[in-house]
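Asker: After the structure tokens below, expect a handful of questions from me.
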Amino acid sequence: MLKVVVKTFIMLLLSSLSLCAAAHTPVAARARSASPERVELSDNWTLSSAAKMSVDGDVLSLPNYDAAAWYKVRRMPATVLEILRESGVYRDLYVGKNLRDQVPQDLYQRDWWYRTQFTAPEGRKTYLLGFPGINYRADIWLNGRLVADREQAVGMYAAHQFDVTPLIRPGQPNVLAVRVIPERALQDVDGVELADSWNDWINWDYLGLPPPNGDSDRRGTSFVPDRNAGIWKPVYLKALGDVELGSATVNSELPLPRTDSARLTIRADVHNYSPRRTRGVLRATITRPDNATVHLEQAVVLAPGENTQVTFTPDQFAQLTFQHPDLWWPYTMGQPTLHNLRLEFRVDNQLSDARELRFGIRTVTQHRDEGFSGDGGDFFLQVNGKKFPVRGAAYTPDLLFKYDPDRETAILQYAKDLGLNMLRLEGKLASERLVEKADELGIPLMAGWMCCNQWEKWEQWNAEDQRVAMESMRSQIQLLRAHASAFVWANGSDGLPPPAIRARYRSILDELHWQNAAVDTASRQTRDNDGISQWDGIDMAGPYTWRPPTYWFSRRYGATWGASAEQGSNEQIPPFASLRKFIPPDDLWPINDTWSFHAGAQYKNAALLSAQRSIGMRYGASDSAEMFAAKAQLAQYEATRAQFESFAAAGWDSHKMTIYWMLNSHWPSFFGQLFDYYLRPGGAYFGAKKGLRPLSVVFDSYARDNGNSARISVVNQSPSDERDLRVRVRVYDTQGNLQTDGTAEHINVSAGGAVDAITLPRGLAKSPVFFVRCQLTRPSGEVVAENVYWQSQQPDDVGDPDNDRAFDSTQESWADMTALNYMPRVPLDITAHRQSTPGSVVIRLHNPTHNVAFFERAEIMSTRDGDEILPVEYDDNYVTVFPGETVEMRGNATGSPANWVRVTGHNTSATTVAIE
Numbered sequence: 001m002l003k004v005v006v007k008t009f010i011m012l013l014l015s016s017l018s019l020c021a022a023a024h025t026p027v028a029a030r031a032r033s034a035s036p037e038r039v040e041l042s043d044n045w046t047l048s049s050a051a052k053m054s055v056d057g058d059v060l061s062l063p064n065y066d067a068a069a070w071y072k073v074r075r076m077p078a079t080v081l082e083i084l085r086e087s088g089v090y091r092d093l094y095v096g097k098n099l100r101d102q103v104p105q106d107l108y109q110r111d112w113w114y115r116t117q118f119t120a121p122e123g124r125k126t127y128l129l130g131f132p133g134i135n136y137r138a139d140i141w142l143n144g145r146l147v148a149d150r151e152q153a154v155g156m157y158a159a160h161q162f163d164v165t166p167l168i169r170p171g172q173p174n175v176l177a178v179r180v181i182p183e184r185a186l187q188d189v190d191g192v193e194l195a196d197s198w199n200d201w202i203n204w205d206y207l208g209l210p211p212p213n214g215d216s217d218r219r220g221t222s223f224v225p226d227r228n229a230g231i232w233k234p235v236y237l238k239a240l241g242d243v244e245l246g247s248a249t250v251n252s253e254l255p256l257p258r259t260d261s262a263r264l265t266i267r268a269d270v271h272n273y274s275p276r277r278t279r280g281v282l283r284a285t286i287t288r289p290d291n292a293t294v295h296l297e298q299a300v301v302l303a304p305g306e307n308t309q310v311t312f313t314p315d316q317f318a319q320l321t322f323q324h325p326d327l328w329w330p331y332t333m334g335q336p337t338l339h340n341l342r343l344e345f346r347v348d349n350q351l352s353d354a355r356e357l358r359f360g361i362r363t364v365t366q367h368r369d370e371g372f373s374g375d376g377g378d379f380f381l382q383v384n385g386k387k388f389p390v391r392g393a394a395y396t397p398d399l400l401f402k403y404d405p406d407r408e409t410a411i412l413q414y415a416k417d418l419g420l421n422m423l424r425l426e427g428k429l430a431s432e433r434l435v436e437k438a439d440e441l442g443i444p445l446m447a448g449w450m451c452c453n454q455w456e457k458w459e460q461w462n463a464e465d466q467r468v469a470m471e472s473m474r475s476q477i478q479l480l481r482a483h484a485s486a487f488v489w490a491n492g493s494d495g496l497p498p499p500a501i502r503a504r505y506r507s508i509l510d511e512l513h514w515q516n517a518a519v520d521t522a523s524r525q526t527r528d529n530d531g532i533s534q535w536d537g538i539d540m541a542g543p544y545t546w547r548p549p550t551y552w553f554s555r556r557y558g559a560t561w562g563a564s565a566e567q568g569s570n571e572q573i574p575p576f577a578s579l580r581k582f583i584p585p586d587d588l589w590p591i592n593d594t595w596s597f598h599a600g601a602q603y604k605n606a607a608l609l610s611a612q613r614s615i616g617m618r619y620g621a622s623d624s625a626e627m628f629a630a631k632a633q634l635a636q637y638e639a640t641r642a643q644f645e646s647f648a649a650a651g652w653d654s655h656k657m658t659i660y661w662m663l664n665s666h667w668p669s670f671f672g673q674l675f676d677y678y679l680r681p682g683g684a685y686f687g688a689k690k691g692l693r694p695l696s697v698v699f700d701s702y703a704r705d706n707g708n709s710a711r712i713s714v715v716n717q718s719p720s721d722e723r724d725l726r727v728r729v730r731v732y733d734t735q736g737n738l739q740t741d742g743t744a745e746h747i748n749v750s751a752g753g754a755v756d757a758i759t760l761p762r763g764l765a766k767s768p769v770f771f772v773r774c775q776l777t778r779p780s781g782e783v784v785a786e787n788v789y790w791q792s793q794q795p796d797d798v799g800d801p802d803n804d805r806a807f808d809s810t811q812e813s814w815a816d817m818t819a820l821n822y823m824p825r826v827p828l829d830i831t832a833h834r835q836s837t838p839g840s841v842v843i844r845l846h847n848p849t850h851n852v853a854f855f856e857r858a859e860i861m862s863t864r865d866g867d868e869i870l871p872v873e874y875d876d877n878y879v880t881v882f883p884g885e886t887v888e889m890r891g892n893a894t895g896s897p898a899n900w901v902r903v904t905g906h907n908t909s910a911t912t913v914a915i916e
């Protein structure tokens, strides 16, 4: 019996020990086998002013702290002022002067607490907190303990990651509290810290306050009231094993000019967070577009805490030499084909961390031509060995850096709809999601630091600025380098960094294996601080004000050739439907200080002097905001079309790069834009779209040969040769009478080329204003392109090129377009039909009269009296319908049900019809 009892006792003891072990074993097992996670901490955030707090982060970051009275954050990431706006503290911030009058202008002098609670995944060995974007400094607390202070977490563009493994409570509530310290003024009103500003873009001190440093050409503080303080990029928690996979990239090498093979090199950063020597395997799997896969692996030994880079080269791994690769092209040149890479780091055959990215196989090279003035020549790019004429525009996020992925997508879709093939980010470096979308769409990017603030006040930099600048540079290059769309990095914008700074920037590019173009400045610099000649072949030609079509075609002025990072007008008037959204009714007319509040900071741009002069001198005086905005669309259409058309018609040798200033607007404003803040396309948009068409017929507005004759040319901006085309040119007077009709047959034009087709003498029409109608057709009769130009018998003369002043529209003489105001009224027959694709509509405009229906704008709407559905795309708009003819337009609006179409023209009344 004793033996039985003892045996039973032993069995119970073993069973107890087994149960005890079982209670602990799953944690260890899960630690070995649980998949790594990257969790975005986007929920449960609140915000409060630090001035209201009597306790610090050690208390605020505990679960029992009551934050019920704090502002609830609707969506993270979000800056302080964006959260206050969403919370209803300040309303209609973008209307009138509310941003100045409602908001205390010293918000940036206050600190702010962000707080959230989250549950961390269980069973991982390492927990990392990632902050890719805090502006500007932060004290970071987790579960009552300080993670990093404001000396460590500093820099708007410096990404930060912290090992919080000892502080995390797996499977339990964790509380994160972040005290944000906004950017502070250090030297003067523009010399603060290395964040970002809105210099030149906003004009909030125009109304009576003195300009910085007494400089009459510099108006505005260039900051929003909170100075964009806050957590402006997503916060992440990474839960993984002992070893983390950090930044990774794939570089490709083509045997140019051949592209029949490609050598790939994979680089990945790995970090051992274990206190032990760790052996593991890094596995890489590339999935090609045809779903074929390439598998690689490499044994890795890491010392305790070691951070290193693991490289797979084609010399080591023959499978990294691809035969007949699918290349990534800008969408204007081909398909933007992407490959998938999955990286896994395994320890004891258990997954420690994984990372996925998409990359493109392509080679971007930068060059200089011989130039026109012996100054080293103009900058240009080649992609996969082919010339890449850049036709781009400058992108901006929302004024409060509002995180809005849908808006980012809409803006990129607009860029592609326009025909633009590059976007420039001058500072205000975007979310990685925007870059990923650019990869998909085939839209190259030019990124870099911005002008006119602390980023270019190198003489003021202290030791911390030096450190923050280099950490910021490293963070941004690590983010961009893996992306196929990342084409150009600019170390400076308007200025040239000193030699020591340039050298440090360049060393980071080299260290991180940046395989794309890089320039030290995006503006012509003849001498650096040491008197050494320095120029990267890129200018900023402006002229930042309106210019007539003849200006762009004349090739007499500096802005009409070369390579430019900024071209266009700083003054763009949105359509009236948008104008009345942000200018209060009592301030709509005449133009006044409320308009100026939404303009640029440069003095003449701020008062919209050039816009008022050019529109008034050309199209006559306006007696309402609606009339002024309508005439503005005419002026902006013709000028923007001519700018892009002239560069294409002049050919590769003359103009290799233009970046229109700008693509979109940061808030409802009159600052340079191809479409406005509400995503409403106006005259500039559709003019640019005409000028950027792959295949077009172009009229040069009698810009050369003393204005006695005009050149009609066929322009091919597509990647394919075109043959046997036909050009037809007709001239009409304002009454709709045909004055002349000419053709040219059997025209061939090579890819990227332009050929003259017809010479058109002056004097063919007798009316003060006349229309030149150009059509391009194929032998089948298919109309490939049509352009309608309106011309005055009185020519434009901008004057001597030496007097071509930026920020100012002055001319020796102005074309007189006022006869357009007296054209006969034309009633149109309008029908609209729904297509099978949701939101797609075909609009037909028939002109039953003997007169011309000029500049007809169609809008797709949900309700009869409502606003246009936005965003929206049309194949054409602001069209002209000649006597007895019918014009067909196609539109696509998916944001709301498309039920109605409204058509308004220069000499037709607004008409609304139901979509059938």
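Going by UniProt numbering, the first residue of the sequence shown is number 1, and it counts up by one from there.
Built from N, CA and C at the ideal position, the CB exists for glycine as well.
In this text the structure is predicted, and so the values were computed from the model without any measurement.
(1) Whole beta strand (DSSP E) runs in the region 324-359 with 3 or more residues, listed along the chain?
(2) Report the rounded CA-to-CA distance for Leu-776 versus Gln-323, giving the unit in angstroms.
(3) Going by Cα to Cα distance, which pick from Arg-279, Ala-303 and Thr-321 is closest to Ala-262?
(4) Which residues in the same chain as Gly-57 place their Cβ atom closer than 7 Å to its Cβ, once the five residues preceding and following it in sequence are excluded?
(5) Would you mind reading off the limits of the beta strand (DSSP E) that contains Phe-553?
(6) In three-state terms, what does DSSP make of Ser-16?
(7) Would you identify the three-state DSSP class for Met-889, choosing helix, strand or coil?
(8) Since His-271 sits in a beta bridge, which residues does DSSP pair it with?
(9) What is the rounded straight-line gap between the Cα of Gln-612 and the Cα of Leu-418?
(10) Between Pro-827 and Gly-707, is the Cβ-Cβ spacing less than 8 Å?
(11) So what's Trp-589 in DSSP terms, helix, strand or just coil?
(12) Which value, in whole angstroms, describes the spacing of the CA atoms of Pro-590 and Trp-112?
(13) Start and end of the beta strand (DSSP E) containing Asp-398?
(14) Would you check if the distance between the CB atom of Ile-231 and the CB atom of Tyr-403 is smaller than 8 Å?
(15) Please classify Ser-523 as buried or exposed, where buried requires at least 16 neighbouring CB atoms within 10 angstroms.
(16) My output table needs one value for Lys-97: the three-state DSSP class, helix, strand or coil.
(17) Between the C-alpha atoms of Trp-449 and Glu-344, what's the straight-line distance to the nearest angstrom?
(18) Just to confirm, are residue 974 and Gln-319 a CB contact at a threshold of 8 Å?
(19) Which runs of the beta strand (DSSP E) fall wholly inside the region 749-794 and span at least 3 residues, in chain order?
(20) Under 8 Å by Cβ, that's how I've got Ala-438 and Ser-485 pegged, so tell me the actual separation to the nearest angstrom.
(21) Can you name, in chain order, every residue of its own chain whose Cβ lies under 6 Å from the Cβ of Val-879, other than the five neighbours on each side?
(22) In its own chain, which residues sit with a C-beta less than 8 Å from the C-beta of Ser-622, not counting the 5 before and 5 after it?
(23) In angstroms, rounded to a whole number, what distance separates the CA positions of Leu-870 and Ala-858?
(24) Would you mind working out which of Gly-495, Pro-225, Gly-96 and Gln-102 sits nearest Gly-88, comparing C-alpha positions?
(25) Which ranges does the alpha helix (DSSP H) cover as unbroken runs of at least 4 residues, wholly within the region 677-758, from first to last along the chain?
(26) Name the one or two DSSP bridge partners that Asn-251 has.
(27) Name the residue from Ser-274, Gln-117, Asp-816 and Asn-98 whose alpha carbon lies nearest to the alpha carbon of Pro-173.
(28) Could you pull the start and end residues of the beta strand (DSSP E) that Gly-57 belongs to?
(29) Check this for me: beta carbons of Phe-670 and Arg-773, under 8 Å apart or not?
(30) Could you have a look at Ala-910 and say whether DSSP puts it in helix, strand or coil?
(31) In whole angstroms, what separates the C-alpha of Leu-725 from that of Asp-756?
(32) What is the rounded straight-line gap between the Cα of His-370 and the Cα of Ile-538?
(33) From Ser-247 to Arg-890, what distance separates their C-alpha atoms?
(34) Using the rule of at least 16 other Cβ atoms within 10 Å of the residue's Cβ for burial, across every protein chain shown, is Val-55 buried or exposed?
(35) Go ahead and label Arg-91 buried or exposed: buried means 16 or more other beta carbons lie within 10 angstroms of its beta carbon, across all protein chains shown.
(36) Which whole-angstrom value is the C-beta distance of Glu-445 and Val-435, which I expect to be below 8 Å?
Answerer: From the atom records:
(1) 339-347 and 350-359
(2) By one-based count along the sequence shown, residue 776 stands at place 776. By one-based count along the sequence shown, residue 323 stands at place 323. Cα to Cα, the separation comes out at about 40 Å.
(3) Reading the sequence shown from its first residue, position 262 is the one you call residue 262. Ala-262 has its Cα closest to that of Thr-321, out of Arg-279, Ala-303 and Thr-321.
(4) Position 57 of the sequence shown, counted from the start, is the residue given in the question as residue 57. Only Asp-139, Trp-141, Leu-146, Ala-177 and Arg-179 meet the Cβ criterion.
(5) The residue given as residue 553 occupies position 553 in the sequence shown. Premise fails: Phe-553 lies in the alpha helix (DSSP H), 549-554, not in any beta strand (DSSP E).
(6) Your numbering for residue 16 matches position 16 in the sequence shown. Summary for Ser-16: the model assigns pLDDT 40, below 50, so the residue's position carries little reliability; its value from the coordinates is reported in the next sentence. Ser-16 falls in the helix class under three-state DSSP.
(7) Counting from one through the sequence shown, the residue named residue 889 turns up at place 889. Strand at Met-889.
(8) Working through the sequence shown from its first residue, we reach residue 271 at position 271. According to DSSP, His-271 bridges with Glu-244 and Asn-307.
(9) By one-based count along the sequence shown, residue 612 stands at place 612. By one-based count along the sequence shown, residue 418 stands at place 418. About 27 Å.
(10) Translated into positions along the sequence shown, residue 827 becomes position 827. Translated into positions along the sequence shown, residue 707 becomes position 707. No. Outside cutoff.
(11) Your numbering for residue 589 matches position 589 in the sequence shown. Three-state DSSP puts Trp-589 in coil, outside helix and strand.
(12) Taking the sequence shown and counting its residues from 1, one reaches residue 590 at position 590. Taking the sequence shown and counting its residues from 1, one reaches residue 112 at position 112. C-alpha separation (whole angstroms): 41 Å.
(13) Locating residue 398 in the sequence shown gives position 398, where the first residue counts as 1. Segment: none, Asp-398 is in no beta strand (DSSP E) and carries neither H nor E.
(14) Counting from 1 along the sequence shown, the entry for residue 231 is found at position 231. Counting from 1 along the sequence shown, the entry for residue 403 is found at position 403. No, Cβ-Cβ distance for Ile-231 and Tyr-403 is not below 8 Å.
(15) Within the sequence shown, the letter at position 523 stands for residue 523. Classification for Ser-523: buried.
(16) Position 97 of the sequence shown, counted from the first residue, corresponds to residue 97. Lys-97 falls in the coil class under three-state DSSP.
(17) Position 449 of the sequence shown, counted from the first residue, corresponds to residue 449. Position 344 of the sequence shown, counted from the first residue, corresponds to residue 344. Their backbone Cα atoms lie some 34 Å apart in a straight line.
(18) Since the first residue shown for the chain is 1 and the last is 916, residue 974 is missing from the structure and cannot be characterised.
(19) 754-761, 769-777 and 783-792
(20) As a position in the sequence shown, residue 438 is number 438, starting the count at 1. As a position in the sequence shown, residue 485 is number 485, starting the count at 1. Contact flag correct, Cβ pair sits at about 4 Å.
(21) For the purposes of this step, residue 879 is taken as residue 879 along the sequence shown, with counting starting at 1. Answer for Val-879: Glu-856 and Val-887, listed in chain order.
(22) By 1-based counting over the sequence shown, the position of residue 622 is 622. Hits under 8 Å: Ile-615, Gly-616, Phe-628 and Lys-631.
(23) Counting from 1 along the sequence shown, the entry for residue 870 is found at position 870. Counting from 1 along the sequence shown, the entry for residue 858 is found at position 858. Near 13 Å, if we compare the C-alpha coordinates of Ala-858 and Leu-870.
(24) Residue numbering aside, residue 88 sits at position 88 when the sequence shown is read from its first letter. Ranking Gly-495, Pro-225, Gly-96 and Gln-102 by Cα distance to Gly-88 puts Gln-102 first.
(25) 683-691
(26) Your numbering for residue 251 matches position 251 in the sequence shown. Thr-265.
(27) Start at 1 with the first residue of the sequence shown, and residue 173 comes out as number 173. Looking at the Cα atoms, Gln-117 is the closest of the given residues.
(28) The residue you call residue 57 lines up with position 57 of the sequence shown. Element bounds for Gly-57: not the beta strand (DSSP E) but the alpha helix (DSSP H), 57-60.
(29) The residue you call residue 670 lines up with position 670 of the sequence shown. The residue you call residue 773 lines up with position 773 of the sequence shown. Cβ distance not < 8 Å, so Phe-670 and Arg-773 don't count as in contact.
(30) In the sequence shown, residue 910 corresponds to position 910, counting from 1. Strand, per DSSP.
(31) In the sequence shown, the residue the question calls residue 725 occupies position 725. In the sequence shown, the residue the question calls residue 756 occupies position 756. For Leu-725 and Asp-756, the distance between alpha carbons rounds to 12 Å.
(32) Position 370 of the sequence shown, counted from the first residue, corresponds to residue 370. Position 538 of the sequence shown, counted from the first residue, corresponds to residue 538. The sequence given here places Glu at residue 370; His does not occur at that position. Whole-angstrom Cα-Cα distance: 13 Å.
(33) Indexing the sequence shown from 1 puts residue 247 at position 247. Indexing the sequence shown from 1 puts residue 890 at position 890. Ser-247 and Arg-890: Cα-Cα distance of roughly 44 Å.
(34) Taking the first residue of the sequence shown as 1, we reach residue 55 at position 55. The residue in question, Val-55, is exposed, as its Cβ has fewer than 16 Cβ neighbours within 10 Å.
(35) Start at 1 with the first residue of the sequence shown, and residue 91 comes out as number 91. Result: exposed.
(36) Residue mapping note: residue 445 aligns to position 445 of the sequence shown, counting from 1. Residue mapping note: residue 435 aligns to position 435 of the sequence shown, counting from 1. For the record, residue 445 in the displayed sequence is Leu; it is not Glu. At roughly 7 Å, the Cβ-Cβ gap stays under 8 Å, so Leu-445 and Val-435 are in contact.
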